[in-house]
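Q:
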Ligand code: PMP
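Residue numbers (the numbering used here): 421 to 849.
1. Which residue wins for smallest C-alpha separation from residue 570, given the options 550, 546, 478, 520?
2. The ligand PMP heavy atoms versus the CB of residue 733: any closer than 7 Å?
3. Pull up the distance between the alpha-carbon of residue 634 and that of residue 449, whole angstroms please.
4. Let me know the secondary structure DSSP gives residue 430 once reduced to three states.
5. Can you check DSSP and say which residues form a bridge with residue 691?
6. Cutting at 8 Å between CB atoms, please list the residues of its own chain near residue 425, excluding the five before and the five after it.
7. Classify residue 772 as helix, strand or coil using the three-state DSSP reduction.
8. Hey, which residues come within less than 5 Å of the ligand PMP, measuring from Cβ to any heavy atom, in chain order?
9. Report buried or exposed for residue 435, applying the criterion of at least 16 other Cβ atoms within 10 angstroms of its Cβ.
10. Evaluate residue 477 with the Cβ neighbour count: other Cβ atoms within 10 Å of its Cβ, from every protein chain shown; 16 or more gives buried, anything less gives exposed.
11. Just curious, the alpha helix (DSSP H) that residue 746 is in, first and last residue?
12. Please list, in chain order, all residues of the same chain as residue 578 whose beta carbon is under 7 Å from its beta carbon, the five residues on each side excluded.
13. Could you give the DSSP three-state label for residue 577: helix, strand or coil?
14. Which word fits residue 703, buried or exposed, when buried means at least 16 other C-beta atoms lie within 10 angstroms of its C-beta?
15. Give a yes or no on whether the C-beta atoms belonging to residue 684 and residue 544 are separated by under 8 Å.
16. Could you check whether the region 618 to 630 touches the region 648 to 663, counting it as contact only if at least three pairs of C-beta atoms, one from each stretch, sit closer than 8 Å?
17. Give me the Cα-Cα distance between residue 740 and residue 668, rounded to the nearest whole angstrom.
18. Taking the alpha carbon of residue 565 as the point to measure from, which residue in 788, 812, 540, 750 has its own alpha carbon closest?
19. Since I believe residue 622 is in contact with residue 557 (beta carbons under 8 Å), could you give me their beta-carbon distance rounded to a whole number of angstroms?
20. How would you call residue 840, buried or exposed, if buried means at least 16 neighbouring beta carbons within 10 angstroms?
21. Is residue 628 helix, strand or coil when you go by DSSP?
22. So, with DSSP's three-state summary, where would you put residue 459?
23. First and last residue of the beta strand (DSSP E) that includes residue 530?
24. Report the three-state DSSP secondary structure of residue 471 (helix, strand or coil).
25. Within the continuous beta strand (DSSP E) that includes residue 557, where are the two ends?
26. Apart from the five residues just before and just after residue 464, which ones in its own chain have a Cβ nearer than 7 Å to its Cβ?
27. Using only CA atoms, which one of 442, 451, 443, 431 lies nearest to residue 817?
28. Work out the CA separation of residue 586 and residue 595 for me, nearest whole Å.
29. Between the region 525 to 536 and the region 682 to 701, do three or more beta carbon pairs fall short of 8 Å?
30. Nearest by alpha-carbon distance to residue 460: which of 445, 442, 479 is it?
31. How would you label residue 422, buried or exposed, when you count the other beta carbons within 10 angstroms and need 16 or more for buried?
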């Protein structure tokens, strides 16, 4: 496939930007080939610098739930920008955002805005440590919570091992207080809390995992988590950076009927501009500066232009019926993909929730990190390129979730499934 301009720009980028990209997964390392440079997006579609059009299932890794360049979002951004880009002082827009977030997620009594998901989780966990006076953070294998040092930990072999850093530049001491357990495994949680319950400051998780492809939790896992955190006085942190306003208007917490103590948000709440947030119980939030001893701050926190994009997005997302339509789109997409794979005789499975989905080159949808890893990566790689050639842009890694927007309609689904039919046939041969 001719990607002349993308190739040219990538060559230039390699000289001045490490790996040619400003975030690693954009480099196509897992699938090979040249990353596509985009010049424009409209609704469900993106156009690359060579003038080729694609149906986009990445949507900037989740934020663009209304599709690209939505007219109302762009208008809100332009109007706000014309009145000043930033003040570093309170604005009414931030208050409006805080009121909207707390009204739609009942577990949020108070909320503070930041500028990325990484910052939201880092701040929430500092707060949890400050509130409890304890140090240990529990996370789950395959869950990503941004690139704060102490969260860049992969699991050791045993279930209860203390972590080893995943990245160079992270001292072992920094991750020594981070414990990694298996996702969807309540027995491991019970065992850890029985042994170390009084030292655990917080348990953080993606309530639906979207960073090891797409892994649904069991209700039992969530219920055991909530019970153990309450019993032992640990703070339960739902990282809803990806799932918030993406799987349901009430978040994963509302879907599963679990009330976390703190929640982190990002992606959709910024509508494509940098906004993150963390919030929850008032008694915990009261420990934050300037009220309390836990420091947290940001020059551009609550930036009015970014918040305007988020507000314009959230108002539409919170309208009745939005998630019924979005959920139907994802369900139809994955059902169609499964049928095409079955017709081609390829081992394949899928899952979806709201506007998020996953597909796997294995016969059953995974429940754990180990199962997610156990899929046919070579088949994924070939499928990715076969789809790209046919104008469908999927995440360039087998371990990322996919996203649909309200701009994905019947025509886009039909075109995607017809591309998939041809792609499955190609990779089988
Ligand atoms: N938490 C989760 C669940 C995420 O998916 C991500 C990003 N993919 C982050 C945190 C980090 O967010 P950001 O990239 O905005 O820093």
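Glycine included, C-beta positions come from ideal geometry on N, C-alpha and C.
From a predicted model like this one, the values you see are computed outputs, not experimental measurements.
A: Result, derived from the coordinates:
1. Comparing C-alpha distances from residue 570 to each of 550, 546, 478, 520 shows the shortest one belongs to 546.
2. No, since every heavy atom of the ligand PMP falls outside the 7 Å radius drawn around the Cβ of residue 733.
3. Near 20 Å, if we compare the C-alpha coordinates of residue 449 and residue 634.
4. Judged by DSSP in its simplified three-state form, residue 430 adopts helix.
5. DSSP lists 693 as partners of residue 691.
6. Beyond the five residues adjoining it in sequence on each side, residue 425 comes within less than 8 Å, by CB distance, of 457, 468, 469, 470 in the same chain, given in chain order.
7. Correct three-state label for residue 772: strand.
8. Proximity annotation: the ligand PMP has residues 536, 537, 538, 565, 566, 626, 659, 661, 662, 686 in chain order, each selected because its CB is closer than 5 Å to a heavy atom of the ligand.
9. Residue 435 comes out exposed.
10. Flag for residue 477 reads buried.
11. Its alpha helix (DSSP H) spans residues 742 to 764.
12. With a pLDDT of only 34 at residue 578, under the threshold of 50, the placement of this residue in the model should not be trusted; the figure read from the coordinates follows. Closer than 7 Å at the Cβ level, and outside the excluded window around residue 578, lies no residue.
13. Note that residue 577 has pLDDT 32, beneath the 50 cutoff, so the model's placement of it is unreliable and the number below is only indicative. The three-state reading of DSSP puts residue 577 in coil, since its state is none of H, G, I, E or B.
14. Classified as exposed, residue 703 has fewer than 16 neighbouring CB atoms from the shown chains inside 10 Å of its CB.
15. In this structure, the beta-carbon distance from residue 684 to residue 544 falls below 8 Å.
16. By the Cβ criterion, the region 618 to 630 is in contact with the region 648 to 663, since at least three pairs of Cβ atoms, one from each stretch, lie closer than 8 Å.
17. Approximately 11 Å between the Cα atoms of the pair.
18. Per the Cα distances, 540.
19. Between residue 622 and residue 557 the Cβ distance is about 5 Å, and since that is below 8 Å, they are a contact.
20. Result: buried.
21. Coil.
22. Here residue 459 sits in strand by DSSP.
23. Element bounds for residue 530: 530 to 534.
24. Secondary structure of residue 471 (DSSP, three-state): coil.
25. Looking at the DSSP string, the run of the beta strand (DSSP E) that includes residue 557 is 556 to 560.
26. Taken in chain order, the residues that qualify are 475, 476, 487, 825, 827, 828, 832.
27. Checked all of 442, 451, 443, 431; the closest Cα to residue 817 is 451.
28. Each residue's Cα considered, the two are about 10 Å apart.
29. Proximity of the region 525 to 536 to the region 682 to 701 meets the contact definition, three or more beta-carbon pairs being nearer than 8 Å.
30. Just measuring C-alpha positions, the residue of 445, 442, 479 sitting nearest residue 460 is 479.
31. With fewer than 16 other Cβ atoms inside 10 Å of its own Cβ, residue 422 counts as exposed.
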